[in-house]
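Asker: For what it's worth, our numbering labels the leading residue of the sequence shown as 3, then goes sequentially.
Take this structure first; my questions come after.
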Amino acid sequence: MKRSGSQMGPGSTVRRRFGRPGFGLVTFALVAGLTLVSAPTHAEPTGPDVSSWQHGGGRPIDWFSVRAAGHRFAMVKATEGLDYINPFFVQDSLQMRVAGMARGTYHYARPELPPEPQAALYSTIVLGQNGPLDLPPVLDMENSGGLAPGALIDWTHRYLNTVQTLTGRIPIVYTYPRFWQTAMADSDQFHRYPLWIADYRDRAEPEVPGRWPAWTFWQQTDSGSIPGIHGNTDVNVYSGAQGDFARFARMGGLTGSG
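What follows is the structure, given as structure tokens:
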């Protein structure tokens with residue numbers, strides 16, 4: 003899904019190491035009893051997720067064209083680790099609002115570094131993620147940082163709790179099945195957080211790890227073509243699991259603690 007910082011990094015190398023999300027998991031699913039959750043039966047909002055990699059040569063994204071193509075939201079990379087800020091984050095955020103698109107933002111996790119300062123950086127940059135048409139904050143979990151599952155689970159709880167405290171909203175967790183099954187030991191401790199799952203297989207529904215009861219966003223491809231965005235981009239669909247999309251985008255939809 004993601005490319006780390008301004009150069010290709012763990013957001014892509016991890017994916018290459020494990021293969022495409024869900025690759026070779028049919029047999030594993032039969033053994034481990036993984037949850038399969040049905041896709042929505044009616045049309046739901048779609049949208050890309052973007053980072054500096056969609057701005058090759060400094061080219062802007064034409065968010066009016068993205069919206070005119072029927073997409074209602076986009077996820078924009080905000081931060082990574084302790085000090086990286088997407089140089090196009092503010093530009094994309096402002097232009098998305100003008101175009102009338104709901105905005106999601108995400109932090110690329112660097113678990114080899116402490117979680118609380120990363121959560122503070124992200125929460126500061128996204129200005130609380132509480133404005134009109136703001137989706138809840140997102141943690142991008144696809145890099146273990148070399149931590150064992152128990153330590154990584156603890157790191158994730160600490161990050162999510164800190165972001166919720168600072169923003170007042172329950173974060174969304176982004177991951178892909180095999181990473182969660184291996185690096186997170188298929189933990190079922192995060193059900194209170196909406197799930198954004200990546201599964202690029204040609205199927206009617208994504209595979210959901212960790213016994214999550216439902217998926218909220220499904221990243222269906224990393225090679226989509228959308229008017230207004232140069233080159234390929236990830237494309238996602240909202241499931242309807244959190245209710246009406248407009249309400250979810252404007253009001254956060256959930257409360258609670260992790």
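Quick reminder that beta carbons are idealized off the backbone N, C-alpha and C, glycines included.
None of the values given here were measured: they were computed from a predicted structure.
(1) So who's on the other strand from V175, going by DSSP bridges?
(2) For Q131, collect the residues of the same chain with a Cβ closer than 8 Å to its Cβ; drop the 5 residues on either side in sequence, then sort them by chain order.
(3) Roughly how many angstroms separate the alpha carbons of V128 and G59, rounded to a whole number?
(4) For the alpha helix (DSSP H) containing G152, list its first residue and its last residue.
(5) Let's test the definition: count the other Cβ atoms within 10 Å of the Cβ of D85 and tell me whether it reaches 16, buried, or not, exposed.
(6) Measuring CA to CA, which of T235, F192, G230, S227 is closest to A216?
(7) Can you grab the Cα-Cα spacing for the pair V175 / L141, in whole Å?
(8) Around the Cβ of S227, are there at least 16 other Cβ atoms within 10 angstroms (buried) or fewer (exposed)?
(9) What is the DSSP secondary structure of T184, counted as helix, strand or coil?
(10) Under 9 Å, do G148 and E118 count as touching if we go by C-beta distance?
(11) P50 by DSSP, collapsed to three states: which one?
(12) Taking the alpha helix (DSSP H) that F75 falls in, what are its first and last residues?
Answerer: Taking the geometry as given:
(1) L141, L197
(2) Around Q131: T107, S125, L137, P138, P139, T169, R171.
(3) Distance between the alpha carbons of V128 and G59: 24 Å.
(4) 151-169
(5) exposed
(6) F192
(7) The alpha-carbon of V175 is positioned some 5 Å away from that of L141.
(8) exposed
(9) Of the three classes helix, strand and coil, the one that applies to T184 here is helix, per DSSP.
(10) no
(11) strand
(12) No alpha helix (DSSP H) contains F75, which is instead part of the beta strand (DSSP E) from 75-82.
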